[in-house]
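Asker: Here it is: the structure, laid out below.
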Amino acid sequence: MSTVVQQRSTGRVLGLWRTAWLVVEAHWMWYRRHWHSNLFSSGLHPLLFLAAMGLGFGSQVRPSAATGGVDYLNFVAPSLLLLGVVFTAVSESSYPVLSGFKWQQHYIAMIATPMRPGCIVLGLVQWMSLRLLLAGAVYTVIATFFGAWLNAGAIFVMFVGVLTGLACATPVMALASVTYDEGNRFTLIMRLVVIPMTLFAGTFFPVDSIPLGVRWLTWISPLWHGTELARGVTLGGLDVLPFLGHLAYLLALLLTGGALATRGFARRLVN
Amino acid sequence: MTEGGVSQPLVSGKALVKRFGDFEAVRGIDIEVNQGEAFGFLGPNGAGKSSTMRMIACVSPRSDGDLRVLGMDPDIDGPRIRARIGVCPQQDNLDTELTVRENLQVYGRFFGLSRAQVREKAVELMEFAQLSDRANAEVESLSGGMKRRLTIARSLVNDPELLLLDEPTTGLDPQARHLLWDRLFRLKQRGVTLIITTHYMDEAEQLCDRLVVMDGGRIVAEGSPSALISRYSSREVLELRFAPGEQAGHEAKVEGLAERVEVLPDRLLLYTANGEAALEQVTARGVRPVSSLVRRSTLEDVFLRLTGRTLVD
Ligand SMILES: Nc1ncnc2c1ncn2[C@@H]1O[C@H](COP(=O)(O)OP(=O)(O)OP(=O)(O)O)[C@@H](O)[C@H]1O
Ligand SMILES: [Mg+2]
C-alpha cells in the first residue's frame, strides 16, 4: 500500500482570551444585521420609562430629602438605566442560553472545536458587557437631552450598569445550563424575582420607606447595590466603605455566577 | 503519525466503556483505526455508535478503558485533538440565524484560522456542498438535505486529519448521497482518515475499508465488507415474497433448501450459494410466492444475521 503523506490540519488551539473573543465575534456576526430591534428594546425601552416616570410622574414630585434634594428626573435617571440593563441581562441569559444547549445547540457545535466550556462562558460575558455598555451609552446620551444628568458622573453610570447586569446575568446563565425542560422557570424568575426586585431596590423611591421586616429583600438585591453605586456617582453622598461594599457584592455575584456557569456548561457539554 | 517507520494507529481504544449513570452504553470495545483508512460503525438504534464517536471526538470522557486519538489522550489533550479533527454530528447544529457563508466563517475562526483563511475556505466549502448560490441565505431557509450538506462541509473547515461522520447521509437524496461518497473518496485519497457510522449498508460497502458491527454496546463482528459477507452470509440470497402474514406458513416447506432461512414480515430469505437452483426446487415443492428475486448477499444480510433486527422468532 502506498503511503499518502497526510497534511497537517490548519486548526490550532488559541489562548483563553483570544478564544473567548471568537464567541463575541460570532455573536457580532448576527447582531450587526439585527441591531435595530435589539437596541430598541434594550436601550430605548428604559428611555420610555424615563420620559413617563421622570418627566411625567416626576412633574408631580417636589425635590425633597426623599429624592436627595434633587428633581425626581435626576433621581430616577441612574436607577432606570440599571433597571433596563438588568432586564436585558436576565432575558438574554435565559432562553437564548438554554437554546444554545437545547434548540439551536450552538454550544454543542462550539465544543466540537478547540473551544473549552470556560471560553464559551467568558465569551458570553464579554459579549453581554458590550451589549449592556452600548445600551447604557445610548440611554445616557439621549437622557442628557432630557436634562437627566447633573454632572459628568453620568458617564460612570453605564459602567455600573454593566457590572450590575453581569452580576444578574451569570447566575441566570448558570441556571440555564442546568435547565433541561422548556425553561418555564425563566418566566417565573422574571415575574417573581426580577420585577419585585425593582420595587425593593430603590429604583422608583428611596428604600427608607420600605418596612424593616422586608428590608432584607433590598439588601440581597443586586439592583439595589447597583442603584446605590449609580446614585453615588451622579448625586454624590456615598462614602468609600459603602461604595466598596456594593462593588464587592456585585463582583462576588458575578464571579460566583461565572464559576457556576462554567461548571454547568462543562457538565452539560462534555458528558 | 509515523514514528521510526512504524505507522501507529490514529485512533486506538482498548476495553473502552461509556456509562451514563448505571446504564452502560458502550461495554468494553477494542478499536483501531489506521491512518488513511475508512472505518465504519454499523449497528441498530441504541447500539452505542454515537456514544463511541463522541468519546473519539473528545466531548465525552470515557468511563473506563483506554483511548488514544492522534497519539494523544482525549482526557488531557481534548482541545489539541479537536483542533485537528472534523466532526459531523448526527444532529445538525448549524446557527440557523446566520447565513451559509457566515456559518462556515464563524466555525473556521473557532479553529484559530485567520479572517482571510476562513473567507477563502468558505467559498471552497460552499462549492463542495453545492450551496454557492445560497451563500447569503439564512440557514433557516435551507431544506433539510441542504443543512446536512452544510454541516458536512463545515466539518472540513480546518482540513482535518481525521473526519468523524455520524450518519452523514441521513436525509440526503440519492444524488446528493452519491456525490458525497465521491467527495469522501477523494478526501480519503488525500490521506484523510474517515470514521463513519451509518444505517445504510450500501454506504458502508462503498466507503469502508473495514467496519465493526455494534449491538447493545458491544462489537459483534469486525472485518472488511467482503470478508464479513463471506463469513456471515452465503454468496446468494433468494427472496420469496408473500402476502403479509403468509410467509411463515411456507417456512417448513422450504426446509433444507438453503443453509439458513430468515423469516421477515412479508418475505422468506433463503441463504444459498446458488439462488436459481434453490428457486427451481422451491417451485418443485409447490410453493408459489407472489414474487421472487435472486440477489447477491450484502451487508444488510450480515447485519440481519448478527443483530437479529427485524427477525421474527
Ligand atoms: N447523554 C446520555 N445520557 C443517558 N443515556 C444516553 C446518553 N447518550 C446516549 N445514551 C444511551 O446510550 C445508548 C446508546 O446510544 P447511542 O446514541 O450511542 O446509540 P447509536 O448507536 O448512536 O444509535 P442511533 O442509531 O439511534 O443513533 C442508548 O440507549 C441511549 O439511550
Ligand atoms: Mg447515533
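In order, the protein sequences belong to chains V and L.
With my numbering, letter number 20 in the first sequence gets 25, and the count goes up by one each step, no holes.
With my numbering, letter number 59 in the second sequence gets 60, and the count goes up by one each step, no holes.
Here a beta-carbon is modelled for each residue, glycine too, at the ideal position from N, C-alpha and C.
These numbers were taken from a predicted model, which means no experiment stands behind them.
What's the gap between the Cα of L/Gly246 and the Cα of L/Val264?
Answerer: Here residue 246 of chain L refers to the residue found at position 245 of the second sequence. Here residue 264 of chain L refers to the residue found at position 263 of the second sequence. Spanning the two alpha carbons is a distance of roughly 10 Å.
Asker: Against chain L, with Cβ distances strictly below 8 Å, would V/Ala117 count as a contact?
Answerer: For the purposes of this step, residue 117 of chain V is identified with residue 112 of the first sequence, where counting begins at 1. Yes, contact with chain L.
Asker: I'd like to know if L/Gly113 contacts chain B, where contact means its C-beta is closer than 8 Å to some C-beta of that chain.
Answerer: Among the protein chains in the structure shown, which are V and L, there is no chain B.
Asker: Could you compute how far the alpha carbon of L/Ala259 sits from the alpha carbon of L/Gly37?
Answerer: Within the second sequence, residue 259 of chain L is the residue found at index 258, counting from 1. Within the second sequence, residue 37 of chain L is the residue found at index 36, counting from 1. Their Cα atoms are separated by approximately 39 Å.
Asker: Tell me which residues pass a beta-carbon proximity test against ligand 1: closer than 5 Å to any heavy atom, given in chain order.
Answerer: A Cβ closer than 5 Å to some heavy atom of ligand 1 marks a residue here, and those residues are L/Phe21, L/Ala26, L/Asn46, L/Gly47, L/Ala48, L/Gly49, L/Lys50, L/Ser51, L/Ser52.
Asker: Determine the direct distance from the alpha carbon of L/Gly14 to that of L/Arg236, and round the result to whole angstroms.
Answerer: The residue labelled residue 236 of chain L in the question sits at position 235 within the second sequence. The residue labelled residue 14 of chain L in the question sits at position 13 within the second sequence. So the alpha carbons of these two residues sit roughly 33 Å apart.
Asker: Exposed or buried, what is V/His41 when buried is set at 16 or more other beta-carbons lying within 10 Å of its beta-carbon?
Answerer: Here residue 41 of chain V refers to the residue found at position 36 when the first sequence is read from its first residue. By the Cβ neighbour-count rule, V/His41 is exposed, with fewer than 16 other Cβ atoms within 10 Å of its own.
Asker: Counting pairs of beta carbons, one from the segment 100-111 of chain L and one from the segment 105-119 of chain V, are three or more of them closer than 8 Å?
Answerer: yes
Asker: Whole angstroms are fine: how far does the CA of V/Ile200 sit from the CA of V/Ile194?
Answerer: Translated into the one-based positions of the first sequence, residue 194 of chain V becomes position 189. Translated into the one-based positions of the first sequence, residue 200 of chain V becomes position 195. Their Cα atoms are separated by approximately 9 Å.
Asker: If you measure between the beta carbons of L/Val202 and L/Ala48, is that distance less than 8 Å?
Answerer: As a working mapping, residue 202 of chain L is identified with position 201 in the second sequence. As a working mapping, residue 48 of chain L is identified with position 47 in the second sequence. Val is not the amino acid found at residue 202 of chain L; the sequence shown has Met there. No, the pair does not count as a contact, with Cβ atoms beyond the cut-off.
Asker: Buried or exposed, going by whether 16 or more other CB atoms sit within 10 Å of the CB of L/Glu141?
Answerer: Residue 141 of chain L sits at position 140 when you count from the first residue of the second sequence. Exposed.
Asker: Going by C-alpha distance, which of L/Ser292, L/Leu280, L/Val18, L/Arg187 is nearest L/Ala244?
Answerer: Position 243 of the second sequence, counting from 1, holds the residue named residue 244 of chain L. The candidate whose alpha carbon is nearest that of L/Ala244 is L/Ser292.
Asker: Let's see if you can read the secondary structure: which residues bound the beta strand (DSSP E) around V/Lys107?
Answerer: One-based indexing of the first sequence puts residue 107 of chain V at position 102. V/Lys107 -> no beta strand (DSSP E), and no H or E assigned at all.
Asker: Specify, as a first and last residue, the run of the alpha helix (DSSP H) that L/Leu300 falls within.
Answerer: Stepping through the second sequence from its first residue, residue 300 of chain L is reached at position 299. Element bounds for L/Leu300: 300-308.
Asker: What do you reckon, are the CB atoms on L/Glu277 and L/Val295 nearer than 8 Å?
Answerer: Numbered from its first residue, the second sequence carries residue 277 of chain L at position 276. Numbered from its first residue, the second sequence carries residue 295 of chain L at position 294. Yes.
Asker: Please check if any C-beta of chain L sits within less than 8 Å of the C-beta of V/Ser14.
Answerer: Indexing the first sequence from 1 puts residue 14 of chain V at position 9. True, the Cβ-Cβ gap to chain L drops below 8 Å.
Asker: With a threshold of 8 Å between beta-carbons, can V/His41 be considered close to chain L, or not?
Answerer: Residue numbering aside, residue 41 of chain V sits at position 36 when the first sequence is read from its first letter. No, because no Cβ of chain L sits closer than 8 Å to the Cβ of V/His41.
Asker: V/His111 CB to nearest chain L CB: under 8 Å?
Answerer: As a first step, residue 111 of chain V is located in the first sequence; it is residue number 106 there, counting from the start. Look at V/His111: its C-beta is under 8 Å from a C-beta on chain L.
Asker: Can a CB atom of chain L be found closer than 8 Å to the CB of V/Arg37?
Answerer: Your numbering for residue 37 of chain V matches position 32 in the first sequence. It does not; no Cβ of chain L falls within 8 Å.
Asker: Would you say V/Ala71 faces chain L, with C-beta separation under 8 Å as the test?
Answerer: Sequence index remark: in the first sequence, residue 71 of chain V carries index 66 (1-based). It does not: the Cβ of V/Ala71 has no partner Cβ on chain L nearer than 8 Å.
Asker: If you scan the segment 150-220 of chain V from start to end, which runs of the alpha helix (DSSP H) of 4 or more residues do you find wholly inside it?
Answerer: 159-182, 189-194, 200-205
Asker: Note down, in chain order, each residue of its chain lying with its Cβ closer than 8 Å to the Cβ of V/Leu44, except the 5 sequence neighbours on either side.
Answerer: As a working mapping, residue 44 of chain V is identified with position 39 in the first sequence. Leu139, Ala140, Val143.
Asker: Under 8 Å, with one C-beta from each stretch per pair, do the segment 74-92 of chain V and the segment 151-171 of chain V reach the 3-pair mark?
Answerer: yes
Asker: Report whether the distance from the Cβ of V/Thr145 to the nearest heavy atom of ligand 2 is below 7 Å.
Answerer: As a working note, residue 145 of chain V is residue 140 in the first sequence. No, since every heavy atom of ligand 2 falls outside the 7 Å radius drawn around the Cβ of V/Thr145.
Asker: List the residues of chain L whose Cβ lies closer than 8 Å to the Cβ of V/Arg220, in chain order.
Answerer: On the first sequence, position 215 is the one that residue 220 of chain V refers to. Ordered by position in chain L, no residue passes the 8 Å Cβ test against V/Arg220, which lies about 44 Å from the chain.
Asker: According to DSSP, is L/Leu258 helix, strand or coil?
Answerer: Locating residue 258 of chain L in the second sequence gives position 257, counting from the first residue. Coil, per DSSP.
Asker: At what residue ranges does the segment 233-298 of chain L contain a whole run of the beta strand (DSSP E), taking only runs of 3 or more?
Answerer: 237-242, 261-265, 268-273, 292-297
Asker: Here's the rule: buried if 16 or more other CB atoms are within 10 angstroms of the residue's CB, otherwise exposed. What is V/Ala206?
Answerer: Along the first sequence, read from residue 1 onward, the residue named residue 206 of chain V stands at position 201. Burial call: buried.
Asker: How about L/Arg20 and L/Ser64: do their beta carbons lie closer than 8 Å?
Answerer: Walking along the second sequence from the start, residue 20 of chain L turns up at place 19. Walking along the second sequence from the start, residue 64 of chain L turns up at place 63. The answer is yes: Cβ separation under 8 Å.
Asker: Three Cβ pairs or more, each shorter than 8 Å: is that satisfied between the segment 69-80 of chain L and the segment 67-82 of chain V?
Answerer: no
Asker: Quick one: give me the first and last residue of the beta strand (DSSP E) that L/Arg211 is part of.
Answerer: The residue you call residue 211 of chain L lines up with position 210 of the second sequence. Looking at the DSSP string, the run of the beta strand (DSSP E) that includes L/Arg211 is 211-216.
Asker: How many Å lie between L/Asn304 and L/Gly44 at the Cα?
Answerer: As a first step, residue 304 of chain L is located in the second sequence; it is residue number 303 there, counting from the start. As a first step, residue 44 of chain L is located in the second sequence; it is residue number 43 there, counting from the start. Here residue 304 of chain L turns out to be Phe, not Asn, going by the sequence shown. Using only the alpha carbons, I get a separation of about 7 Å.
Asker: Taking the beta carbon of V/Arg121 as the centre, do at least 16 other beta carbons fall within 10 Å, making it buried, or is it exposed?
Answerer: The residue labelled residue 121 of chain V in the question sits at position 116 within the first sequence. V/Arg121 is buried by the Cβ-count criterion.
Asker: Please work out which residues of its chain come closer than 6 Å, Cβ to Cβ, to L/Glu223, disregarding the five sequence neighbours upstream and downstream, and give them in chain order.
Answerer: Position 222 of the second sequence holds residue 223 of chain L. Same-chain partners within the cutoff: Val213.
Asker: Kindly give me the distance between the Cβ atoms of L/Leu188 and L/Leu164, rounded to whole angstroms, as I take these residues to be in contact under 8 Å.
Answerer: Taking the first residue of the second sequence as 1, we reach residue 188 of chain L at position 187. Taking the first residue of the second sequence as 1, we reach residue 164 of chain L at position 163. Yes, they are in contact, since the Cβ atoms of L/Leu188 and L/Leu164 sit about 7 Å apart, within 8 Å.
Asker: On the three-state DSSP scale, how would you describe L/Cys59?
Answerer: As a working note, residue 59 of chain L is residue 58 in the second sequence. In the structure shown, L/Cys59 sits in coil (DSSP, three-state: anything other than H, G, I, E or B).
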